[in-house]
Amino acid sequence: MKRIVRLYPSAWRRRYGEELIDLLEEVPATPATTVDLLRGAAVMQFRALVDRVAPRLASAGGPPIPTHALQRHPTATALIAALITAPTIIFVVVSFLAYQVELPGMHAWLQPFMDGLARAPRIVDVFLLGAPFLAFLIAALPLIGLRMERVDGDLRITLAVRARTLNLIVLAVCVLVGGFLASHLLVEFLFERP
Amino acid sequence: MSDRSPGSDPGLLLLISLSGGPKHGHAMLLDVAAFAGLRLGPGTLYGALSRLEEDGLVEPLPLEGRRRPYRLTDSGLAALRGRLTGLNAAVSIGLARVGNR
Numbered sequence: 208m209k210r211i212v213r214l215y216p217s218a219w220r221r222r223y224g225e226e227l228i229d230l231l232e233e234v235p236a237t238p239a240t241t242v243d244l245l246r247g248a249a250v251m252q253f254r255a256l257v258d259r260v261a262p263r264l265a266s267a268g269g270p271p272i273p274t275h276a277l278q279r280h281p282t283a284t285a286l287i288a289a290l291i292t293a294p295t296i297i298f299v300v301v302s303f304l305a306y307q308v309e310l311p312g313m314h315a316w317l318q319p320f321m322d323g324l325a326r327a328p329r330i331v332d333v334f335l336l337g338a339p340f341l342a343f344l345i346a347a348l349p350l351i352g353l354r355m356e357r358v359d360g361d362l363r364i365t366l367a368v369r370a371r372t373l374n375l376i377v378l379a380v381c382v383l384v385g386g387f388l389a390s391h392l393l394v395e396f397l398f399e400r401p
Numbered sequence: 012m013s014d015r016s017p018g019s020d021p022g023l024l025l026l027i028s029l030s031g032g033p034k035h036g037h038a039m040l041l042d043v044a045a046f047a048g049l050r051l052g053p054g055t056l057y058g059a060l061s062r063l064e065e066d067g068l069v070e071p072l073p074l075e076g077r078r079r080p081y082r083l084t085d086s087g088l089a090a091l092r093g094r095l096t097g098l099n100a101a102v103s104i105g106l107a108r109v110g111n112r
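Protein chains in written order, with this note's numbering: chain A, 208 to 401; chain B, 12 to 112.
Here it is in structure tokens:
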């Protein structure tokens, strides 16, 4: 069991290692003790990791720390998100004009495409429905920042949110389109299925 | 210290143990087993002990042979008193409600 003590962080071992080894000579060597020591070593390693990493991530009063490389390019991120959800936007807008507004001729023009979509693999449906949600996450990423700091020895994590016009527009469109599509599918599932 | 029950909070158990006087690791294990009926593992004990020392709630005393005793600091005593008072209030309310049923 004394070998397990080597799994503890070296700084911790220098301070408590001998005391712990001394204690191990007085307690029975059971599987429960072994598990307890391993768990203790994992906890101490994690604590040591936090102590090492946290000061590097941020110091008190520092700027929000980007949590993702995309945060440095909010405009490009918003455009990527818009591109991802563009097929869904087109699909929703055209469907709305054809079936809700009932523009003359649009229904007949769209019907072959809708028939093809009905026969298309399920992945197409999943993409059309999932794209707004994926795009929402991508567009939201640059708006969120994490700040980690030590306050009185405790690790404090602060969530910061910033506003970017283009990203907010994409987010709003994603919510509208995703919400419209999801509610439409829900209504269809609940009331229109045989 | 967390706000968990005493049985799941080794830090609180160690503070209670040290409130009876300075003790080394093994003596704390025996004391906790005696008053709480719980057998703390050595990893759990030293994990909690190092955290308490880091928080300034306990402090080490000079070695006695190969063993190092620890004692409660003034902050530790105040923290323990506050925690036990809170628990006592919860226990009193709980017992009163249970008694009314």
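Backbone N, C-alpha and C define an ideal beta-carbon position, used for all residues, glycine too.
### Query
Would you say threonine 55(B) faces chain A, with C-beta separation under 8 angstroms as the test?
Yes, threonine 55(B) counts as interfacial toward chain A.
### Query
Are three or more beta carbon pairs between the segment 285-296 of chain A and the segment 319-338 of chain A nearer than 8 angstroms?
Note that the segment 285-296 of chain A touches the segment 319-338 of chain A; at least 3 beta-carbon pairs, one per stretch, sit closer than 8 angstroms.
### Task
Using a threshold of 8 angstroms, state whether the C-beta atoms of valine 43(B) and leucine 26(B) are closer than that.
Going by C-beta atoms, valine 43(B) is not nearer than 8 angstroms to leucine 26(B).
### Query
Within the 8 angstroms Cβ cut-off, does glycine 58(B) reach chain A?
Yes, glycine 58(B) lies at the interface with chain A (some Cβ there is under 8 angstroms from its Cβ).
### Query
In angstroms, rounded to a whole number, what distance separates the CA positions of alanine 107(B) and alanine 101(B)?
C-alpha separation (whole angstroms): 10 angstroms.
### Task
Tell me, please, whether the CB atom of leucine 393(A) is closer than 8 angstroms to any CB atom in chain B?
Among the residues facing chain B, leucine 393(A) is not included, as its CB has no counterpart in that chain under 8 angstroms away.
### Query
Within the 8 angstroms Cβ cut-off, does alanine 239(A) reach chain B?
Closer than 8 angstroms: yes.
### Query
Run through DSSP, which three-state label would threonine 241(A) get?
Three-state result, threonine 241(A): helix.
### alanine 285(A) to valine 368(A) span [Cα, whole Å]
Their backbone Cα atoms lie some 16 angstroms apart in a straight line.
### Query
Which residues of chain A have a Cβ atom closer than 9 angstroms to the Cβ of arginine 108(B), listed in chain order?
Those within 9 angstroms of arginine 108(B) in chain A number zero; the least Cβ separation is about 34 angstroms.
### Query
Quick one: Cα of glutamate 422(A) to Cα of phenylalanine 303(A), how far?
As displayed, chain A neither begins before 208 nor continues past 401, which places residue 422(A) out of reach and without an answer.
#### Entry: Per-residue burial, histidine 35(B) [other beta carbons within 10 Å of its own, 16 or more giving buried]
Histidine 35(B) should be labelled buried.
### Message
Measuring alpha carbon to alpha carbon, tell me which residue in Ile211(A), Phe340(A), Lys209(A) is nearest leucine 290(A).
### Response
Distances from the CA of leucine 290(A) to each of Ile211(A), Phe340(A), Lys209(A) were compared; the closest alpha carbon is that of Phe340(A).
### Query
With leucine 324(A) and alanine 305(A) assumed to form a contact (beta carbons below 8 angstroms), what rounded beta-carbon distance in angstroms separates them?
The C-beta distance from leucine 324(A) to alanine 305(A) rounds to 13 angstroms, too long to meet the 8 angstroms contact threshold.
#### Entry: Three-way DSSP call (helix, strand, coil) for glycine 93(B) in this model
DSSP places glycine 93(B) in helix when its eight states are reduced to three.
### Task
Let me know the secondary structure DSSP gives proline 216(A) once reduced to three states.
Here proline 216(A) sits in coil by DSSP.
### Query
Is it a yes or a no for the segment 46-55 of chain B touching the segment 373-384 of chain A, going by three-plus beta-carbon pairs under 8 angstroms?
Counting Cβ pairs under 8 angstroms, fewer than three are found: no touch.
### Message
Report the CB separation of phenylalanine 387(A) from valine 299(A) in whole angstroms; it is logged as a contact under 8 angstroms.
### Response
Phenylalanine 387(A) to valine 299(A), Cβ: 6 angstroms. Contact.
### Message
Can you check which of these residues, Ala249(A), Met208(A), Leu348(A), is closest to threonine 241(A) by C-alpha distance?
### Response
Looking at the Cα atoms, Met208(A) is the closest of the given residues.
### Query
Is the Cβ of glycine 247(A) closer than 8 angstroms to any Cβ of chain B?
For glycine 247(A), the nearest CB of chain B lies under 8 angstroms from its own CB, placing it at the interface with that chain.
### Query
Using CA coordinates, which residue listed in Leu227(A), Pro281(A), Val250(A) is at the minimum distance from asparagine 374(A)?
Comparing Cα-Cα distances from asparagine 374(A) to each of Leu227(A), Pro281(A), Val250(A), the minimum goes to Pro281(A).
#### Entry: the segment 81-88 of chain B touching the segment 60-73 of chain B, judged by at least three CB pairs closer than 8 angstroms
Output reads yes: the segment 60-73 of chain B touches the segment 81-88 of chain B.
### Query
If you check the beta carbons only, do leucine 72(B) and proline 33(B) fall under 8 angstroms apart?
Less than 8 angstroms divides the Cβ of leucine 72(B) from the Cβ of proline 33(B).
### Within chain B, partners of aspartate 229(A) - CB distance below 7 angstroms
Within 7 angstroms Cβ-Cβ: Arg77, Arg78.
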